[in-house]
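Input: a single structure, listed below in structure tokens.
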Amino acid sequence: EAGVAQSPRYKIIEKRQSVAFWCNPISGHATLYWYQQILGQGPKLLIQFQNNGVVDDSQLPKDRFSAERLKGVDSTLKIQPAKLEDSAVYLCASSLVASGGAYEQYFGPGTRLTVT
Amino acid sequence: RKEVEQDPGPFNVPEGATVAFNCTYSNSASQSFFWYRQDCRKEPKLLMSVYSSGNEDGRFTAQLNRASQYISLLIRDSKLSDSATYLCVVNIGTGGYNKLIFGAGTRLAVHP
């Protein structure tokens, strides 16, 4: 079974530039997540989609971050304009729909962003 | 106070040692609990779920104390391949949706 795919794997940009990340979840997984992981910290949820609808974006800095999941499959996360503190690994994860209880999120390899 | 707190370590142990990690969480309404493993510069992967009755998977034992809001992970007979960061994870989601809160992780280094 193919895992969660992400691209690019690495990106270096200057502050105030824009950047976009792409994620393709595991086939059949209705739920998709974007996390930000800053060095030395655990992943922090930015946004969660159920099919193509947003379930939770309470921690997404909406003045500069945006995300979409057209057709309920692939997703893109954009930062515009980037700040130095956005340097982090951006992880995409997916899971089957769960009506509660334990379930597993499968993570992609991440995109390592460096803002200079 | 952080929602999920862990000792960052590192824990440096010899092969064959037993090591225990602890984690505390602040949200008493948390629904489910997990340990994830993250290797250096890799993505997190589920190690095991944590149940109130305690559960074991080979050399790994997880315990949950809801009254104290405390989770533990015990690794017996440590292997070099156990070297990684162990993330304590709490699900605070409601309404049928899951929302995972990750701790910052505890780093384990197993040496020969």
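Just so you know, the sequences run in chain order W and E.
Note that this note's numbering has the first sequence beginning at 4, numbered continuously upward.
Note that this note's numbering has the second sequence beginning at 215, numbered continuously upward.
A virtual CB, placed ideally from N, CA and C, is assigned to each residue, including glycine.
Predicted model only: the values in this text are computed from it and were never measured.
Give the interface partners of proline 112 of chain W over in chain E, defined as CB-CB distance under 7 Å, in chain order. At a C-beta separation below 7 Å, proline 112 of chain W has these neighbours in chain E: Glu257.
Quick check: what's the CA-CA separation for serine 242 of chain E versus aspartate 66 of chain W? So the alpha carbons of these two residues sit roughly 32 Å apart.
Mapping the DSSP letters down to three states, classify lysine 74 of chain W as helix, strand or coil. helix
So with CB distances below 9 Å, who are the chain W contacts of alanine 318 of chain E? Gly43, Gln44, Gly45
How long is the line joining the alpha carbons of phenylalanine 49 of chain W and serine 61 of chain W, rounded to whole angstroms? Per the sequence shown, the amino acid found at residue 49 of chain W is leucine instead of phenylalanine. Each residue's Cα considered, the two are about 7 Å apart.
Thinking C-alpha only, which one of E/Glu229, E/Trp249, E/Gly230 is nearest asparagine 236 of chain E? E/Trp249
Taking the DSSP output, what are the residues bridged to cysteine 237 of chain E? Paired residue(s): E/Gln220, E/Ile285.
Once DSSP output is grouped into helix, strand and coil, what is the label at alanine 105 of chain W? Note that alanine 105 of chain W has pLDDT 46, beneath the 50 cutoff, so the model's placement of it is unreliable and the number below is only indicative. Alanine 105 of chain W carries a coil assignment under DSSP once its states are collapsed to helix, strand and coil.
Residues bridged to proline 258 of chain E (per DSSP): Looking at the DSSP assignment, proline 258 of chain E forms a beta bridge with E/Gln252.
With 8 Å set as the bound, which would you pick, yes or no: does the beta-carbon of glutamate 88 of chain W sit closer than that to a beta-carbon of chain E? no
Going by beta carbon distance, what residues of the same chain come within less than 7 Å of arginine 290 of chain E, once the five residues before and after it are set aside? Thr232, Arg273
Delimiting residues of the beta strand (DSSP E) encompassing histidine 325 of chain E: 320 to 325
Check the Cβ-Cβ distances between tyrosine 239 of chain E and every residue of chain W, and say whether any is below 8 Å. no
Could you give the first and the last residue of the continuous beta strand (DSSP E) run that contains isoleucine 315 of chain E? 314 to 316
Could you have a look at serine 295 of chain E and say whether DSSP puts it in helix, strand or coil? helix
What residue range does the beta strand (DSSP E) around glutamate 270 of chain E cover? First-last of the beta strand (DSSP E) with glutamate 270 of chain E: 269 to 271.
Roughly how many whole angstroms lie between the Cα atoms of alanine 23 of chain W and threonine 308 of chain E? In this structure, the CA atom of alanine 23 of chain W is about 30 Å from the CA atom of threonine 308 of chain E.
Closer than 8 Å, CB to CB, is tyrosine 311 of chain E near chain W or not? yes
Status (buried if at least 16 other CB within 10 Å, exposed otherwise) for alanine 234 of chain E: exposed
Can the beta-carbon of glycine 6 of chain W be found closer than 8 Å to that of tyrosine 109 of chain W? yes
I want to see whether chain W comes within less than 8 Å of leucine 314 of chain E, judged by CB atoms only; does it? yes
Between alanine 105 of chain W and serine 263 of chain E, what straight-line distance do the alpha-carbon atoms span, to the nearest angstrom? Per-residue confidence for alanine 105 of chain W stands at a pLDDT of 46, beneath the threshold of 50, marking its modelled position as unreliable; the derived number appears in the next sentence. As the crow flies, the alpha-carbon of alanine 105 of chain W is around 7 Å from that of serine 263 of chain E.
Applying a beta-carbon distance threshold of less than 8 Å, which residues of chain E neighbour glutamine 39 of chain W? Under the 8 Å cutoff, chain E gives no residues; its nearest Cβ is about 11 Å from glutamine 39 of chain W.
Let me know the secondary structure DSSP gives leucine 94 of chain W once reduced to three states. In the structure shown, leucine 94 of chain W sits in a strand (DSSP, three-state: E or B).
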